[in-house]
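Asks: Pasting in a structure now, in structure tokens, and then I'll have a few things to ask.
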Amino acid sequence: MVLELAEDHKAFQREVARFSADRIAPAAASIDERGEFPRELIKEVAARGLLGVTIPATWGGAGRDYVSYALALEAIARASAVVSVIASVNNSLVAEPIARFGTQEQKDAWLRPLVTGEAVGAFALSEEHAGSDAANQQTVARLDEQGYVLNGRKVWVANGEAADVAVVFAATQPGSRGRGVGAFLVPLDTSGLTRQPTPESLGVRGLGCVDLLFTDVRVDADAVLGTPSDGFHVAMWALDGGRVAIAAQALGVGQAALDEALRHARAHEAFGQPIANYQAIQWMLADSATELEAARMLMWKAADARQRGERPTLDAAMAKLAASEAAHRAADRAMQILASHGYRRGSVVERLFRDVRATEIYQGTSEVQRMVIAEHVL
Ligand SMILES: Cc1cc2nc3c(=O)[nH]c(=O)nc-3n(C[C@H](O)[C@H](O)[C@H](O)COP(=O)(O)OP(=O)(O)OC[C@H]3O[C@@H](n4cnc5c(N)ncnc54)[C@H](O)[C@@H]3O)c2cc1C
72 MVLELAEDHK AFQREVARFS ADRIAPAAAS IDERGEFPRE LIKEVAARGL
122 LGVTIPATWG GAGRDYVSYA LALEAIARAS AVVSVIASVN NSLVAEPIAR
172 FGTQEQKDAW LRPLVTGEAV GAFALSEEHA GSDAANQQTV ARLDEQGYVL
222 NGRKVWVANG EAADVAVVFA ATQPGSRGRG VGAFLVPLDT SGLTRQPTPE
272 SLGVRGLGCV DLLFTDVRVD ADAVLGTPSD GFHVAMWALD GGRVAIAAQA
322 LGVGQAALDE ALRHARAHEA FGQPIANYQA IQWMLADSAT ELEAARMLMW
372 KAADARQRGE RPTLDAAMAK LAASEAAHRA ADRAMQILAS HGYRRGSVVE
422 RLFRDVRATE IYQGTSEVQR MVIAEHVL
């Protein structure tokens with residue numbers, strides 16, 4: 072057994088890290104401060120193949136494996152959490168399910184534009200009372216002679232402000248929970264569909280979150296991704312990949328926090344010497360380094376399982392849980408090590424501290440990951 076990245080993976084990791092440091096990191100503070108969706112930067116991310124990392128080259132993607140995708144997201148997140156979330160939604164939650172479940176026509180219409188950055192994708196599953204309980208869909212898709220009519224409200228749709236298309240989940244058999252949900256590819260300029268900005272968020276600012284309101288929104292019957300009652304499976308399949316991606320994202324943010332803590336511990340003096348000389352500080356740094364590395368191994372394992380075509384549900388849940396909580400602790404320790412230098416508004420650690428918190432909430436809270444894991448181990 073060799074727990075080592077292949078040379079090709081390492082080269083790709085270096086390439087994305089260089090791009091992220093040169094082009095993304097300098098923009099991170101201002102994206103956060105202004106809370107604006109970084110449209111131009113996302114085009115650059117697309118030009119590098121990073122909006123369709125695992126999508127075959129025939130559709131304009133980079134055609135790489137899932138480990139490469141996870142490495143890319145970790146490198147991007149080390150520079151900017153929000154850019155990595157935008158990329159992960161487009162990759163895992165929109166492009167990948169279209170590539171997997173889409174018809175030739177659906178792929179022709181959306182896959183290439185999504186991957187090349189001509190279009191942005193969003194994923195609309197959550198509702199006011201369908202967050203953790205995602206099967207409790209109250210948005211309804213009613214079939215008539217001309218197709219489906221959608222009514223309802225989706226909340227917290229990341230990328231929604233800039234998106235051209237969303238994968239929208241709605242009950243095709245109301246009351247049947249996960250057995251009667253359809254996934255629909257809905258262009259966001261469809262009549263009857265309106266976007267409302269969600270309230271400002273603590274972190275990952277600039278994600279372009281909106282609520283989507285559907286009032287008699289008509290889509291053709293061929294807008295269904297998969298079968299009309301199998302949308303919940305589409306959602307869960309997409310989230311398996313998405314959780315690997317959020318694990319990678321959390322690791323990037325946690326690593327950035329550790330980097331900041333290391334830099335400050337070496338440079339900052341108290342009682343006449345660098346604080347890095349004190350064991351209390353060294354132990355915090357050692358704990359963060361160890362926990363992030365342990366979570367990284369789980370993340371690699373989950374990415375590899377996804378690549379091999381296995382349902383990585385358990386591995387992905389473990390990776391997301393471990394990585395998001397390790398990263399949270401790393402950001403918390405970084406704050407403690409930087410003390411007043413971290414706590415001030417506009418410090419890098421202050422942003423990382425806010426950004427990392429979301430990784431324990433979206434694409435399934437830590438409690439939901441524990442439920443998934445418990446179901447498997449029991
Ligand atoms: C920044 C951000 C971006 C997001 N982007 C998207 C997106 O692009 N698309 C999308 O569809 N959604 C998105 N979401 C929504 C996100 O997926 C939900 O917020 C998340 O699933 C939790 O749902 P909730 O907020 O409704 O909390 P709830 O489900 O109401 O949970 C509240 C609390 O109760 C706990 N809980 C719930 N049920 C149980 C249980 N059975 N046992 C133990 N504890 C339980 C939860 O873990 C949590 O602590 C986003 C959210 C955020 C914050």
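Numbering of the sequence shown is given in our numbering, commencing with residue 72 and proceeding in unit increments. We treat Cβ as the ideally placed atom computed from N, Cα and C, and that holds for glycine. A quick note: this is a predicted structure, and the numbers were derived from the prediction, not measured.
Quick check on the DSSP output: the beta strand (DSSP E) that includes F49 runs from which residue to which?
Replies: The question about residue 49 has no answer here: the residues shown for the chain are numbered 72 through 449.
Asks: DSSP three-state label for R450, please.
Replies: Given that the chain is displayed from residue 72 to residue 449, the structure contains no residue 450 and the question cannot be resolved.
Asks: Could you give the C-beta distance for V87 and L142, rounded to a whole number, given that I count them as a contact under 8 Å?
Replies: Between L142 and V87 the Cβ distance is about 7 Å, and since that is below 8 Å, they are a contact.
Asks: Do A206 and R248 come within 8 Å of each other at the CB atom, strictly closer than that value?
Replies: In contact: R248 and A206 (Cβ atoms closer than 8 Å).
Asks: Can you give the Cα-Cα distance for R183 and L449, rounded to whole angstroms?
Replies: Going by the C-alpha atoms only, they are around 42 Å apart.
Asks: Buried or exposed: which applies to Y414, given that a residue is buried once 16 or more other Cβ atoms fall within 10 Å of its Cβ?
Replies: It counts as exposed.
Asks: With a 10 Å radius around its C-beta and 16 neighbouring C-beta atoms as the bar for buried, classify V73 as buried or exposed.
Replies: Classification for V73: exposed.
Asks: By Cβ distance below 7 Å, which residues in the same chain neighbour P270 in space, the five residues on each side in sequence not counted?
Replies: Answer for P270: no residue qualifies.
Asks: So, helix, strand or coil for D260, using DSSP?
Replies: Three-state DSSP puts D260 in coil, outside helix and strand.
Asks: When the Cα atoms are used, what is the spatial distance from A336 to G343?
Replies: A336 and G343: Cα-Cα distance of roughly 13 Å.
Asks: Quick one: which unbroken beta strand (DSSP E) runs of 3-plus residues sit fully inside the segment 200 to 240? Chain order, please.
Replies: Counting whole runs of 3 or more residues, the segment 200 to 240 contains the beta strand (DSSP E) stretches 211 to 215 and 218 to 228.
Asks: What residues in its chain sit with their C-beta under 6 Å from that of A148, if we drop five residues either side in the sequence?
Replies: S155, Q320, G323 and V324.
Asks: Please state whether DSSP places V191 in a helix, a strand or coil.
Replies: Coil at V191, not helix or strand.
Asks: Taking the continuous alpha helix (DSSP H) assigned at T286, which residues delimit it?
Replies: Not the alpha helix (DSSP H): T286 falls in the beta strand (DSSP E), residues V281 to V290.
Asks: Tell me whether R422 sits in a helix, a strand or coil according to DSSP, three-state version.
Replies: Helix at R422.
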